[in-house]
Every structure is written in C-alpha cells, then in structure tokens.
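Just so we're aligned, residue 1 is where the sequence shown starts under UniProt numbering, counting upward by one.
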Amino acid sequence: MPPQSETVQFVDNKNKTESTTKSTKDTDKPEIWWANAILFISYHLIAVVGAYYYWPNNWRVWMLFYINWQLGTLGITLGYHRLWSHKSYTARMPLRIVLAIMGTMGFQGSIKWWVLRHRLHHRYTDTDSDPYSAHRGLFFSHVGWIFLKSHYPKMENVDQSDLNADPVVRFQHKYFIPMALTYVLLLQPLIGYLWFGDAVSGFIWGGIIGRVAVWHCTFFVNSLAHYLGDQHYTLEVTARGNLILALLTNGEGWHNYHHSFPFDYRNGIRLTDWDPTKWIIYALHTFTNQVPSIRRIPDKDIEKASKRVISHKSGLPVVQVDGEILPVVPKSEVKKIYKDTKCVVIEGYVVNVDKFAEEHPGGEGIFRAYYGGGDCTAGYLKLNRHSEYARSLVEGYRVAKVAAE
1 MPPQSETVQF
11 VDNKNKTEST
21 TKSTKDTDKP
31 EIWWANAILF
41 ISYHLIAVVG
51 AYYYWPNNWR
61 VWMLFYINWQ
71 LGTLGITLGY
81 HRLWSHKSYT
91 ARMPLRIVLA
101 IMGTMGFQGS
111 IKWWVLRHRL
121 HHRYTDTDSD
131 PYSAHRGLFF
141 SHVGWIFLKS
151 HYPKMENVDQ
161 SDLNADPVVR
171 FQHKYFIPMA
181 LTYVLLLQPL
191 IGYLWFGDAV
201 SGFIWGGIIG
211 RVAVWHCTFF
221 VNSLAHYLGD
231 QHYTLEVTAR
241 GNLILALLTN
251 GEGWHNYHHS
261 FPFDYRNGIR
271 LTDWDPTKWI
281 IYALHTFTNQ
291 VPSIRRIPDK
301 DIEKASKRVI
311 SHKSGLPVVQ
321 VDGEILPVVP
331 KSEVKKIYKD
341 TKCVVIEGYV
351 VNVDKFAEEH
361 PGGEGIFRAY
371 YGGGDCTAGY
381 LKLNRHSEYA
391 RSLVEGYRVA
401 KVAAE
C-alpha cells in the first residue's frame with residue numbers, strides 16, 4: 001500500500017536512524033519494487049473499473065467517498081505532517097489516537113515510515129538524497145519514487161527518537177497493515193451495506209477510490225507544488241505556493257512558505273489563505289484542551305524572508321536601513337514591480353500593509369486606492385496622528401527603499 005516499505009529497517013543508534021536494505025550493494029541503477037508497483041497499479045485499475053460499473057446512483061455513496069477522502073487527507077496533514085513530522089503543535093493522547101486512525105485511512109504507510117522520509121525530504125530538498133526530488137522530474141516526484149525499492153544512505157542523519165518514544169506511533173507502526181486492510185476490506189463494505197444497502201459500492205468508493213484521491217492529493221504536494229506557483233519566502237528550493245493545490249490538499253499547497261518555515265502550524269499565513277488544517281489546529285487550541293501549544297513564526301521573520309526574496313528577484317542594489325537589508329527601487333519602477341500587491345509608498349519606502357491594513361483604525365479603505373505601489377505619504381503625515389508604536393509597525397513592514405530620481 002503505497003508508500004509502505006518492507007525492505008527498510010529502522011535501528012535506533014544514539015537518537016539516529018540507520019537504513020539497511022536486503023541488498024547492501026549500492027548500484028547506480030535503482031531496483032524496481034515490483035510488489036509495490038503491482039499493488040499501486042492494481043488499485044488504480046480497480047478504481048477505474050469500479051467507477052464504470054458502480055457509478056453512484058444516490059448521494060450517500062458520494063458522501064461516503066467525500067468523508068473518506070477528507071478524513072484520510074486530514075489524517076496526513078494534521079497528523080503525519082504538521083504534528084509528527086514538524087511538531088508544529090502539541091497534542092494530548094486522545095487527539096493523537098484519533099489522528100493516528102485518520103492517518104491510517106490515508107493508506108500511505110505508518111506514521112514512522114512517512115515521517116522519517118518527510119524529514120529526509122526537508123533536510124535534503126532537491127538533492128539526490130531527497131526521496132521525491134523535483135529535480136528528478138515531475139513523474140518521479142509524483143509517483144515514480146513509489147516504484148523503486150527504498151535505499152536512503154543519509155537516513156542515519158534523521159532523528160527518530162521522538163517517534164520511538166511515542167506509544168501511539170509505536171502501536172500504529174506495528175499494526176499498520178492489519179489496521180489499514182481492516183479499514184478498506186471490512187469497514188467500508190460494512191458501512192456501504194448498512195448505510196445504503198450496497199457493500200460493493202462501499203468498498204469501491206469508500207475503500208478504493210477514496211484512497212486513490214488521498215494519494216494523489218498528497219503526492220501533488222511532492223510534485224506540482226515544486227513546479228507551479230509563486231515563491232514569496234525562499235528561492236533556495238523549488239517549493240512554490242499554489243491556491244489550486246491548497247484547495248485540493250486542505251492547505252498544504254502554500255508550499256513555499258512551508259519550506260521556509262516548516263515548524264509553523266500554518267501553511268497559509270493570512271487569515272483568508274485556504275488552509276483548513278490550520279483552522280482546525282487553531283480551533284482545537286482555542287476551544288479545547290487537546291492542543292496545549294502551537295508554534296507560530298513571528299511576523300518580523302516572515303517579512304525579512306519576503307524582503308530577501310524581493311531583493312533577489314529584482315536584481316536591484318541594496319541598502320542597509322536600521323540593520324535591515326532593503327533593495328533600492330527606482331521611483332519609476334515601483335508600480336511595475338509591486339503591481340497586484342498590497343504595497344504602498346510611505347515616506348520614501350515601499351511598505352507591505354497586507355498584515356495590518358484591515359486592523360487599521362481608519363479602515364483598509366485608506367490604503368486601497370494606493371495598492372500596487374501608490375504613494376500615500378501625504379495622507380499618512382497629514383490625515384492621521386500616528387503613535388510611536390504605529391510608526392515602528394510601518395517600519396517593520398518596509399520591503400524596499402525608493403531611489404530619488
């Protein structure tokens with residue numbers, strides 16, 4: 001059940017991981033993992049044939065598919081990814097158990113198996129040691145890596161001590177295969193039979209097609225999220241941000257930010273960014289005792305990263321202002337460079353007001369006419385009496401200095 005390995009063993013050695021395979025000989029040509037390839041292809045064939053012969057004739061079948069798809073996807077995003085891979089929040093035992101069950105529904109291997117490879121991906125992004133490196137092509141990063149037997153020499157550099165110490169992770173790792181098979185082969189047909197009198201449709205749409213949907217939505221993050229979209233926070237890796245992928249993956253599509261700040265519980269940092277995973281974590285933290293703490297990157301660090309990217313993209317000269325490195329933008333180029341952004345010019349600096357415009361006492365309307373690099377200095381100086389704090393806030397969101405011409 002992709003991606004799940006029987007050839008890789010994990011051995012604790014002073015909080016590190018060693019990776020071994022049945023064949024210890026390194027070869028330049030990777031070995032095809034036939035069992036995994038056959039299983040993966042068979043799943044898709046069953047999905048296509050099953051959809052043709054058992055196309056849903058009532059809303060309950062569609063609902064079963066949707067619920068299974070979403071619960072499996074959230075098991076990956078909430079549990080495998082943001083909790084266990086990056087520890088972006090803490091969770092109490094009841095929630096950890098629920099997330100482990102939901103992660104099993106994703107049918108992507110155990111928590112331990114998934115997390116170790118994901119940590120390897122972040123540590124060696126876009127290199128030969130990246131399990132699903134984008135530099136090896138779109139097909140490989142999406143599903144091609146599933147067809148090859150696992151051999152990761154640098155896995156020894158990935159810490160697994162926290163996973164070994166977690167009883168939920170240990171239990172799920174030990175019993176993942178029987179849990180996953182029970183879910184697909186027994187539970188889904190049973191639900192289909194009891195809910196709408198059709199066990200086969202329950203198996204096809206809840207067990208098979210639902211798993212295929214979870215797989216590809218997850219794999220899109222490995223593949224398309226490294227090819228399509230914007231890079232606002234780092235240019236050092238291929239990761240990009242993409243709204244369409246965010247819609248398909250419960251918020252994982254804001255991938256450039258995630259690779260810049262992987263420990264943040266958010267992937268979409270703005271309130272309006274589509275990131276249901278973030279909203280669920282925040283709601284559990286705010287209204288329950290199941291998420292005692294969340295990790296959030298300070299706005300100033302995010303702004304610094306954004307400034308560096310703007311500077312690199314522009315190829316403009318830079319200047320140091322109050323310890324910050326800012327690109328110097330010719331006045332005639334400001335509106336061209338900052339078109340379609342919530343940036344305005346205030347006292348000779350380009351300021352990104354996206355973070356505080358809606359909270360401004362005068363309302364966002366005082367900025368809206370100047371979005372895209374317009375100069376609102378006159379209004380800033382004459383129409384408002386700004387406190388020292390307000391002025392320092394503006395200084396913190398400067399992204400460039402405007403050069404006099």
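Just so it is clear, CB atoms sit at the ideal spot from N, CA and C, and this is done for glycine as well.
**Asked** CA-CA distance, Thr20 and Lys174?
**Response** Reliability of the predicted coordinates at Thr20 is poor, the pLDDT of 36 falling under 50, and no value is obtained from them.
**Prompt:** Just to confirm, are Leu243 and Gly251 a CB contact at a threshold of 8 Å?
**Reply:** no
**Asked** In this structure, what does DSSP give as the bridge partners for Thr148?
**Response** Checking the sequence shown, residue 148 turns out to be Leu, not Thr. In the DSSP output, where bridge partners are listed per residue, Leu148 has Ile32.
**Asked** Under the three-state reduction of DSSP, which class applies to Tyr349: helix, strand or coil?
**Response** strand
**Prompt:** Per DSSP, Leu326 is paired with what?
**Reply:** Val319
**Message:** At the level of alpha carbons, what is the spacing between Gln108 and Gly374?
**Reply:** 49 Å
**Message:** Just to confirm my understanding: we take Arg296, look at its own chain, exclude 5 residues before and 5 after, and list those with CB closer than 8 Å. What are they?
**Reply:** Asp264, Tyr265, Arg266
**Asked** By a C-beta neighbour count over all protein chains shown, 10 Å radius and 16 as the cutoff for buried, is Thr24 buried or exposed?
**Response** With a pLDDT of only 37 at Thr24, under the threshold of 50, the placement of this residue in the model should not be trusted, and no figure is reported.
**Item:** First through last residue of the beta strand (DSSP E) which encompasses Lys401
**Value:** 398-403
**Request:** Could you name the residues of the same chain whose beta carbon sits closer than 7 Å to that of Thr234, not counting the 5 residues immediately before and after it, in chain order?
**Result:** Asn256, His259, Ser260, Ala305, Val309
**Asked** Roughly how many angstroms separate the alpha carbons of Leu78 and Lys112, rounded to a whole number?
**Response** 15 Å
**Asked** Which residues does DSSP pair with Asp375 in a beta bridge?
**Response** Val345
**Residue environment, Val402, which counts as buried when at least 16 other CB atoms sit within 10 Å** = buried
**Prompt:** DSSP three-state call for Tyr282: helix, strand or coil?
**Reply:** helix
**Request:** Could you give the DSSP three-state label for Trp215: helix, strand or coil?
**Result:** helix
**Request:** Give me whichever residues DSSP pairs with Asp230 in a beta bridge.
**Result:** Gly241
**Segments of 4+ residues assigned as alpha helix (DSSP H) that fall wholly inside the region 24-92** = 34-53, 59-74
**Asked** Thinking C-beta only, is Val350 closer than 8 Å to Ala400?
**Response** yes
**Asked** Between the region 198-210 and the region 58-70, do three or more beta carbon pairs fall short of 8 Å?
**Response** yes
**Asked** What are the start and end residues of the alpha helix (DSSP H) that includes Trp195?
**Response** 188-196
**Asked** Considering only the beta carbon of each residue, do Lys331 and Ala404 sit closer than 8 Å?
**Response** yes
**Prompt:** Cβ atoms of Phe196 and Arg92: under 8 Å apart, would you say?
**Reply:** no
**Request:** May I ask you to list the residues that DSSP assigns as paired with Trp254?
**Result:** Gly241
**Message:** Using only CA atoms, which one of His135, Ser110, Arg368 lies nearest to Phe176?
**Reply:** Ser110
**Prompt:** Within this structure, are the beta carbons of Ile76 and Gly103 separated by less than 8 Å?
**Reply:** yes
**Request:** In the DSSP assignment, find the unbroken alpha helix (DSSP H) run with Ser306 in it and report its ends.
**Result:** 299-314
**Asked** Taking DSSP as the reference, what is the three-state secondary structure of Ile294?
**Response** strand
**Prompt:** Is the beta carbon of Leu74 sitting closer than 8 Å to the one on Thr218?
**Reply:** no
**Asked** If you count every other CB in all the chains shown that lies within 10 Å of the CB of Arg391, and 16 or more means buried, which is it?
**Response** exposed
**Limits of the unbroken alpha helix (DSSP H) element including His142** = 138-142
**Message:** Buried or exposed for Asn289, going by 16 or more other Cβ atoms inside 10 Å?
**Reply:** exposed
**Asked** Apart from the five residues on each side of it in sequence, which residues of its chain come closer than 6 Å, Cβ to Cβ, to Glu395?
**Response** none
**Request:** Taking Val285 and Tyr89 to be in contact with their CB atoms under 8 Å, please state how far apart those CB atoms are, rounded to whole angstroms.
**Result:** At residue 285 the sequence reads His, which differs from the Val that was named. Rounded, the Cβ-Cβ distance is 7 Å, consistent with contact.
**Prompt:** Roughly how many angstroms separate the alpha carbons of Lys313 and Thr377, rounded to a whole number?
**Reply:** 26 Å
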